[in-house]
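Novice:
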Amino acid sequence: DAGVTQSPTHLIKTRGQQVTLRCSPKSGHDTVSWYQQALGQGPQFIFQYYEEEERQRGNFPDRFSGHQFPNYSSELNVNALLLGDSALYLCASSLGRRNTEAFFGQGTRLTVV
Amino acid sequence: DAKTTQPTSMDCAEGRAANLPCNHSTISGNEYVYWYRQIHSQGPQYIIHGLKNNETNEMASLIITEDRKSSTLILPHATLRDTAVYYCIVRVAMTTDSWGKFQFGAGTQVVVTP
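Chains A and B, in that order, give the protein sequences. Under this note's numbering, residues 104 to 216 are what the first sequence spells out, in order. Under this note's numbering, residues 35 to 148 are what the second sequence spells out, in order.
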């Protein structure tokens, strides 16, 4: 059983560009959340998707947007990249409204130059 | 969401039990305590979670005080591979009105030494 898979693993972008990160949830999971982790800090919640709708959102600007597809996979889009967007982006999947664990992927390391 | 307080760092000898404390004095009745760990540059790994009863699985034990204001994660026999940042997280229960996001703090850097 493949766990949560994210692509690409590493990415270098130029300031002002746009980027799309992808996530496939663990088999059987239908809820996907995205987190941003700056170097030396804990992950910060960006948003969460369930049934193809954004269900809750953290304190991130509108430059961060997402999408969930019918097969439960998800994309994170960031527009107008800033140097401060350089971070490890983590995807986590879980099962609906259950008080169970979420499984995290290995992340995408985004570097903005 | 309630916030947690953890020591910045801890050392532990290989083969000994590691006891990681977490304070969550403002926890509400509908909030769970979760523990995750993160080995350098990898995604966080789930360890254990509980509401008010003590919990045990193959990785660790979670001891929650009766007033639920603090908890302790116990790694019974620490190995070098347990060196990681350990996060204690209080998460609102998933209900029809809540989606229970995880709010990570800075965590505890645990170093297991030979």
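Even glycine gets a Cβ: it sits at the ideal position worked out from N, Cα and C.
Output the distance between the C-alpha atoms of B:Asp131 and B:Cys56, rounded to the nearest integer angstrom.
Specialist: So the two alpha carbons sit approximately 27 Å from each other.
Novice: Alpha carbons only, please: which of A:Ile149, A:Phe172, A:Phe167 and A:Glu155 is nearest the one belonging to A:Gly161?
Specialist: A:Gly161 has its Cα closest to that of A:Ile149, out of A:Ile149, A:Phe172, A:Phe167 and A:Glu155.
Novice: In chain order, what residues of the same chain lie with their CB nearer than 7 Å to the CB of B:Lys86, ignoring the 5 residues before and after it?
Specialist: Taken in chain order, the residues that qualify are Ile98 and Arg102.
Novice: Measure from the alpha carbon of A:Thr117 to the alpha carbon of each residue in A:Glu204, A:Arg200 and A:Val181, then state which is nearest.
Specialist: Per the Cα distances, A:Val181.
Novice: Which residues in the same chain as A:Ser196 place their Cβ atom closer than 6 Å to its Cβ, once the five residues preceding and following it in sequence are excluded?
Specialist: The answer, listed in chain order, is Val107, Pro128, Lys129, His132, Val135 and Phe206.
Novice: Quick test of your reading: B:Glu65 and B:Val124, contact by CB under 8 Å. State the CB separation rounded to the nearest angstrom.
Specialist: About 5 Å; that satisfies the 8 Å criterion.
Novice: Tell me the DSSP bridge mates of B:Asp45?
Specialist: According to DSSP, which records beta bridges pairwise, B:Asp45 is partnered with B:Val145.
Novice: Against chain A, with Cβ distances strictly below 7 Å, would B:Trp69 count as a contact?
Specialist: No - not a single Cβ of chain A is within 7 Å of the one on B:Trp69.
Novice: If distances are taken between C-alpha atoms only, which option among B:Gly139, B:Val144, B:Thr129 and B:Val145 comes closest to A:Gln220?
Specialist: With chain A represented from 104 up to 216, any question about residue 220 of chain A goes unanswered, as that position is not in the structure.
Novice: In angstroms with no decimal places, state the Cα-to-Cα distance between A:Gly210 and B:His83.
Specialist: C-alpha separation (whole angstroms): 23 Å.
Novice: Would you mind sorting A:Ile115 into buried or exposed? The rule is 16 or more other CB atoms within 10 Å of its CB.
Specialist: With fewer than 16 Cβ atoms within 10 Å of its Cβ, A:Ile115 is classed as exposed.
Novice: Is there at least one Cβ from chain B nearer than 7 Å to A:Gly145's Cβ?
Specialist: True, the Cβ-Cβ gap to chain B drops below 7 Å.
Novice: Could you pull the DSSP bridge partners for B:Trp69 from this structure?
Specialist: In DSSP, B:Trp69 forms a bridge with B:Ile82 and B:Cys122.
Novice: Tell me the DSSP secondary structure of B:Arg115 in three-state form.
Specialist: If DSSP states are grouped into helix, strand and coil, B:Arg115 belongs with the helices.
Novice: Do you know how far the Cα of A:Glu157 is from the Cα of A:Pro173?
Specialist: Using only the alpha carbons, I get a separation of about 14 Å.
Novice: Can you grab the Cα-Cα spacing for the pair B:Tyr68 / B:Cys122, in whole Å?
Specialist: C-alpha separation (whole angstroms): 6 Å.
Novice: Are the CB atoms of B:Cys46 and B:Ala112 nearer to each other than 7 Å?
Specialist: Taking 7 Å as the Cβ cut-off, B:Cys46 and B:Ala112 qualify as a contacting pair.
Novice: Consult DSSP for A:Gly187 and reduce its assignment to one of helix, strand or coil.
Specialist: A:Gly187: helix per DSSP, three-state reduction.
Novice: I want to verify the contact list: residues of chain A whose CB lies under 8 Å from the CB of B:Gln143, in sequence order.
Specialist: By Cβ distance, chain A contributes nothing, its closest Cβ being about 10 Å from B:Gln143, past 8 Å.
Novice: Report the rounded CA-to-CA distance for A:Leu124 versus B:Ile81, giving the unit in angstroms.
Specialist: About 26 Å.
Novice: Figure out for me which residue from B:Asp116, B:Lys135, B:Met44 and B:Val145 has the closest Cα to the Cα of A:Gln159.
Specialist: Taking only the C-alpha atoms, the option nearest A:Gln159 is B:Lys135.
Novice: Given B:Pro148, which residues of its chain have a CB within under 6 Å of its CB, disregarding the five upstream and five downstream residues?
Specialist: Result list for B:Pro148: Glu48, in chain order.
Novice: DSSP has A:His170 in a bridge; who is on the other side?
Specialist: A:Glu178.
Novice: Over the uninterrupted beta strand (DSSP E) stretch that includes B:Ile98, give me the two end residues.
Specialist: Per DSSP, B:Ile98 belongs to the beta strand (DSSP E) from Ser95 to Ile98.
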